[in-house]
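Colleague: Residue numbers (full-length UniProt numbering): 1 to 767.
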């Protein structure tokens with residue numbers, strides 16, 4: 001993608017369909033006049049009077065307790081510098097988005113038009129009654145130090161300048177673990193810090209809190225080593241000035257145990273690395289281009305333990321591991337500040353979590369067989385779902401032990417359950433899905449590439465590294481659309497009707513004819529069918545000229561399914577084809593089967609659908625908890641539509657006792673655990689959160705998923721084809737670009753899964 005294309009894409013993302021990245025939504029009913037009279041006049045007067053009696057009641061009757069202000073004056077925005085408050089707003093909105101998706105914290109972003117420290121502080125103090133916490137952002141040093149110090153002293157709510165403390169907390173966790181692996185003590189190691197801004201100062205102070213010795217630390221700024229004989233040092237730089245008679249980074253690196261980079265790209269050379277002590281720890285955190293490239297560093301020193309700020313290398317030091325969870329813990333006990341004890345508790349929780357067994361969901365997301373504590377895994381991954389239940393409780397406990405918690409927590413297990421539930425509306429599954437596809441992209445045929453939405457999805461899949469597209473359709477139309485959307489990649493474009501494809505069409509036709517000549521197919525009719533894009537695409541996949549295919553955008557489902565069944569067929573051992581849709585609901589991902597194929601499945605069919613769906617759920621890194629749904633509950637009806645579900649459940653219980661499945665159940669009982677426990681405590685689903693619904697027929701499944709999609713604005717991934725020999729996936733008619741991209745990732749993951757299975761089968765035969 002050209003720089004201009006990237007620029008346009010970024011601008012369109014922020015402008016369309018609604019400007020900005022965050023919005024305010026009601027949390028109470030507002031449908032009736034009664035609702036509105038409670039929400040505003042006259043009902044609103046009652047909570048106002050209660051808050052007048054006691055200001056702390058604002059936490060009881062308003063959103064204050066879950067509302068954080070992200071505040072900046074735009075003087076140190078990312079790598080852009082002093083661009084002003086208005087220009088900083090997209091960044092502050094982005095920070096608000098991260099707060100919401102990682103910790104379910106609401107945010108108002110506030111941009112303050114002043115560079116005067118006193119004016120900034122006074123502004124924040126005047127608006128502080130609105131908020132439960134203040135996140136200071138992108139304020140230049142040294143003013144940032146004074147602003148944070150005074151606001152922490154003068155306000156009774158949590159205040160944190162994330163630019164200072166975020167990197168410090170995450171890197172400190174990584175450093176503690178790296179030192180353990182290197183078998184070194186923090187009290188003894190020599191540390192070089194390249195950079196002297198807010199983050200570098202905060203890192204250095206936090207490392208000292210964990211035992212690093214001031215005399216063992218050397219800090220550098222743009223002028224070189226900060227020595228105690230240099231004039232005009234700020235008090236922060238003076239705090240870390242060294243008495244050592246050295247001036248350059250090259251000199252500082254000799255025999256250093258640790259390098260902390262918070263400065264500029266490519267300033268560390270291989271020779272500098274070679275001059276460091278044994279088992280050197282190098283955190284090159286300049287982003288996006290580190291102080292030394294990862295590949296160069298690990299090639300130079302085999303004993304290196306390295307972290308960067310990048311997601312494409314091991315050990316990413318990412319602030320999102322810290323700030324959402326620190327504020328979450330602080331808000332939940334109504335802490336009056338974020339103190340050193342709370343920050344240190346977050347460090348310890350992150351360091352400890354990296355040593356615990358990693359959930360399969362995380363291994364799958366990062367394409368690892370098994371992530372284990374070691375040189376390439378010293379801090380948790382940002383997609384680790386355990387973060388929400390581990391870091392906030394640690395922070396909350398530290399606040400309580402420090403005596404600054406106004407609402408102490410007593411039931412910690414219940415609190416952790418509440419934290420896990422907060423992420424139910426998050427789209428982490430989609431991010432995990434895309435991330436996993438990128439680890440091993442496959443060749444995907446887009447059978448309708450002359451449709452703009454399909455071509456846009458293929459462009460995103462290519463540019464994001466999800467897949468290698470093969471574009472089918474009218475070549476002139478595809479090329480015209482590619483030019484229009486600035487898709488200038490050199491990807492294959494194939495028109496099955498073009499003369500240049502005659503040889504390949506004849507080859508495919510002959511294979512197809514051999515397969516179906518005893519079913520009324522002539523060679524001539526086979527040749528004619530190969531002009532049709534779905535037959536041609538299916539043969540590409542069947543013959544190994546592509547790894548997967550996507551179709552169905554502009555044609556009805558049965559029309560597209562037919563050639564797939566004829567040319568691809570079912571996987572070995574499969575007796576039934578089915579589909580499942582993943583709905584991203586407020587309660588978390590929900591799998592619905594069968595949404596597209598089986599009109600009225602028998603009891604035997606339902607068992608197969610349940611088994612196949614179970615495998616798909618596991619492919620997503622989740623443990624399937626399955627309800628077989630009906631209009632009746634556990635035998636309350638003897639009608640065939642209910643009894644076939646009951647028969648399927650009985651079969652699964654007998655032959656697959658480890659499967660967590662039960663029914664027949666009405667959907668509300670399946671999804672409402674309290675109702676289920678009260679009425680049917682014997683159920684295998686009691687005390688479990690159902691994430692999969694198996695429906696008794698196509699009507700109920702298809703209607704349900706489309707209702708969820710349209711009425712609740714739930715994002716849908718699917719229909720995911722199950723039971724096919726090769727990865728073929730058929731879109732719903734008129735799917736949008738995001739849905740097509742998600743289905744492309746599914747097709748890639750399906751291809752990865754089938755390739756792995758074939759390799760395992762071949763290996764077992766060779767043994």
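In this text, a Cβ means the ideal position worked out from N, Cα and C, and glycines have one as well.
Tell me whether residue 333 sits in a helix, a strand or coil according to DSSP, three-state version.
Modeller: Counted from its first residue, the chain shown places residue 333 at position 333. Here residue 333 sits in coil by DSSP.
Colleague: Give the DSSP-derived three-state secondary structure of residue 111 in the structure shown.
Modeller: In the chain shown, residue 111 corresponds to position 111, counting from 1. If DSSP states are grouped into helix, strand and coil, residue 111 belongs with the strands.
Colleague: Could I get the ranges of all uninterrupted alpha helix (DSSP H) runs contained in the stretch 278-320, with 4 residues as the minimum, in chain order?
Modeller: 294-300
Colleague: Of the choices 176, 633, 659, 590, whose alpha-carbon is the least far from that of residue 665?
Modeller: Position 665 of the chain shown, counted from the start, is the residue given in the question as residue 665. Comparing Cα-Cα distances from residue 665 to each of 176, 633, 659, 590, the minimum goes to 633.
Colleague: Which class does residue 433 belong to by DSSP, given the choice of helix, strand or coil?
Modeller: Position 433 of the chain shown, counted from the start, is the residue given in the question as residue 433. In this structure, residue 433 counts as helix in the three-state DSSP scheme.
Colleague: Would you say the beta carbon of residue 332 comes nearer than 7 Å to a heavy atom of the ligand GDP?
Modeller: This structure lacks the ligand GDP, and indeed carries no ligand of any kind.
Colleague: Using the three-state DSSP reduction, which class does residue 377 fall into: helix, strand or coil?
Modeller: Translated into positions along the chain shown, residue 377 becomes position 377. It is a strand residue.
Colleague: Residue 656 lies in the beta strand (DSSP E); which residues open and close that run?
Modeller: The sequence position of residue 656 within the chain shown is 656, counting from 1. Neither: residue 656 is in no beta strand (DSSP E) and is coded neither H nor E.
Colleague: Just to confirm the assignment: which complete alpha helix (DSSP H) runs, minimum length 4, are found wholly within the stretch 464-504?
Modeller: 475-484
Colleague: How about residue 228 and residue 248: are their beta carbons less than 8 Å apart?
Modeller: For the purposes of this step, residue 228 is taken as residue 228 along the chain shown, with counting starting at 1. For the purposes of this step, residue 248 is taken as residue 248 along the chain shown, with counting starting at 1. Cβ distance not < 8 Å, so residue 228 and residue 248 don't count as in contact.
Colleague: Quick one, which of 246, 8, 213 has its alpha-carbon nearest residue 239's?
Modeller: For the purposes of this step, residue 239 is taken as the residue at position 239 of the chain shown. The shortest Cα separation from residue 239 among 246, 8, 213 belongs to 213.
Colleague: Please report how far the alpha carbon of residue 774 lies from the alpha carbon of residue 410, in whole angstroms.
Modeller: Outside the modelled stretch of the chain, which goes from 1 to 767, sits residue 774, for which no answer is possible.
Colleague: Kindly indicate the opening and closing residues of the alpha helix (DSSP H) around residue 768.
Modeller: The requested residue 768 does not occur in the structure, where the chain is confined to residues 1 to 767.
Colleague: Can you tell me which of the three DSSP states residue 13 falls into?
Modeller: Within the chain shown, residue 13 is the residue found at index 13, counting from 1. In the structure shown, residue 13 sits in a helix (DSSP, three-state: H, G or I).
Colleague: What number of angstroms, rounded off, separates the C-alpha of residue 539 from the C-alpha of residue 466?
Modeller: Against the chain shown, residue 539 aligns to sequence position 539. Against the chain shown, residue 466 aligns to sequence position 466. Residue 539 and residue 466: Cα-Cα distance of roughly 22 Å.
Colleague: Taking the straight line between their C-alpha atoms, what separation do you get for residue 102 and residue 345?
Modeller: Counted from its first residue, the chain shown places residue 102 at position 102. Counted from its first residue, the chain shown places residue 345 at position 345. Each residue's alpha carbon lies about 19 Å from the other.
Colleague: According to DSSP, is residue 94 helix, strand or coil?
Modeller: Counted from its first residue, the chain shown places residue 94 at position 94. It is helical.
Colleague: For residue 675, which residues from the same chain have a beta carbon less than 8 Å from its beta carbon, with the 5 sequence-adjacent residues on both sides left out?
Modeller: Numbered from 1 along the chain shown, position 675 holds the residue referred to as residue 675. Here the set comprises 668, 669.
Colleague: Can you tell me which of the three DSSP states residue 607 falls into?
Modeller: As a first step, residue 607 is located in the chain shown; it is residue number 607 there, counting from the start. If DSSP states are grouped into helix, strand and coil, residue 607 belongs with the helices.
Colleague: For a quick check, are the C-beta atoms of residue 717 and residue 556 less than 8 Å apart?
Modeller: Here residue 717 corresponds to residue number 717 of the chain shown, with the count starting at 1. Here residue 556 corresponds to residue number 556 of the chain shown, with the count starting at 1. Result no, Cβ atoms of residue 717 and residue 556 do not sit closer than 8 Å.
Colleague: Mind reading off the beta-carbon distance from residue 487 to residue 68? Whole number of angstroms is fine, and I expect it under 8 Å.
Modeller: The residue you call residue 487 lines up with position 487 of the chain shown. The residue you call residue 68 lines up with position 68 of the chain shown. Wrong, their Cβ atoms sit about 39 Å apart, outside the cutoff.
Colleague: CB residue 199 to CB residue 168, shorter than 8 Å?
Modeller: Numbered from its first residue, the chain shown carries residue 199 at position 199. Numbered from its first residue, the chain shown carries residue 168 at position 168. Taking 8 Å as the cut-off, the beta carbon of residue 199 is found closer than this to the beta carbon of residue 168.
Colleague: With a threshold of 8 Å on Cβ separation, who are the neighbours of residue 749 within its own chain once the five nearest residues in sequence on each side are excluded?
Modeller: Along the chain shown, read from residue 1 onward, the residue named residue 749 stands at position 749. Closer than 8 Å at the Cβ level, and outside the excluded window around residue 749, lie 433, 436, 437, 619.
Colleague: Here's a check: name, in chain order, each residue in its chain whose Cβ is nearer than 6 Å to the Cβ of residue 267, leaving out the five neighbours to either side.
Modeller: Position 267 of the chain shown, counting from 1, holds the residue named residue 267. The residues are 291.
Colleague: At the level of alpha carbons, what is the spacing between residue 596 and residue 127?
Modeller: Sequence index remark: in the chain shown, residue 596 carries index 596 (1-based). Sequence index remark: in the chain shown, residue 127 carries index 127 (1-based). Spanning the two alpha carbons is a distance of roughly 53 Å.
Colleague: Does DSSP classify residue 764 as helix, strand or coil?
Modeller: Taking the first residue of the chain shown as position 1, residue 764 is located at position 764. Here residue 764 sits in helix by DSSP.
Colleague: Give a yes or no on whether the C-beta atoms belonging to residue 388 and residue 337 are separated by under 8 Å.
Modeller: Working through the chain shown from its first residue, we reach residue 388 at position 388. Working through the chain shown from its first residue, we reach residue 337 at position 337. Contact: no.
Colleague: Taking the beta carbon of residue 406 as the centre, do at least 16 other beta carbons fall within 10 Å, making it buried, or is it exposed?
Modeller: Numbered from 1 along the chain shown, position 406 holds the residue referred to as residue 406. Counting of Cβ neighbours within 10 angstroms places residue 406 among the exposed residues, the total staying below 16.
Colleague: Could you pull out every residue in the same chain whose Cβ sits closer than 7 Å to the Cβ of residue 208, ignoring the five residues on either side in sequence?
Modeller: Within the chain shown, the letter at position 208 stands for residue 208. Same-chain partners within the cutoff: 214.
Colleague: Taking 6 Å as the limit between beta carbons, can you name the residues of its chain near residue 761, skipping five residues before and five after?
Modeller: If you number the chain shown from 1, residue 761 lands on position 761. Around residue 761: no qualifying Cβ.
Colleague: Does the count of Cβ pairs from the stretch 444-454 and the stretch 737-749 closer than 8 Å reach three?
Modeller: yes
Colleague: Can you have a look at residue 218 and say buried or exposed, based on whether 16 or more other CB atoms are within 10 angstroms of its CB?
Modeller: Counting from 1 along the chain shown, the entry for residue 218 is found at position 218. By the 10 Å Cβ count, residue 218 comes out buried.
Colleague: When you compare only the Cα positions, how much space is there between residue 356 and residue 98?
Modeller: For the purposes of this step, residue 356 is taken as residue 356 along the chain shown, with counting starting at 1. For the purposes of this step, residue 98 is taken as residue 98 along the chain shown, with counting starting at 1. Rounded to the nearest whole angstrom, the C-alpha separation of residue 356 and residue 98 is 25 Å.
Colleague: With the cut-off set at 8 Å, would you say residue 329 and residue 252 are in Cβ contact?
Modeller: By 1-based counting over the chain shown, the position of residue 329 is 329. By 1-based counting over the chain shown, the position of residue 252 is 252. Their beta carbons are not under 8 Å apart, which means residue 329 does not touch residue 252 by this criterion.
Colleague: Cutting at 6 Å between CB atoms, please list the residues of its own chain near residue 155, excluding the five before and the five after it.
Modeller: Against the chain shown, residue 155 aligns to sequence position 155. Here residue 155 has 128 as same chain residues with Cβ atoms under 6 Å from its own Cβ, once five neighbours each way along the sequence are excluded.
Colleague: Which one of 301, 383, 226, 640 has the shortest CA to CA distance from residue 275?
Modeller: If you number the chain shown from 1, residue 275 lands on position 275. For residue 275, the nearest C-alpha among the options comes from 301.
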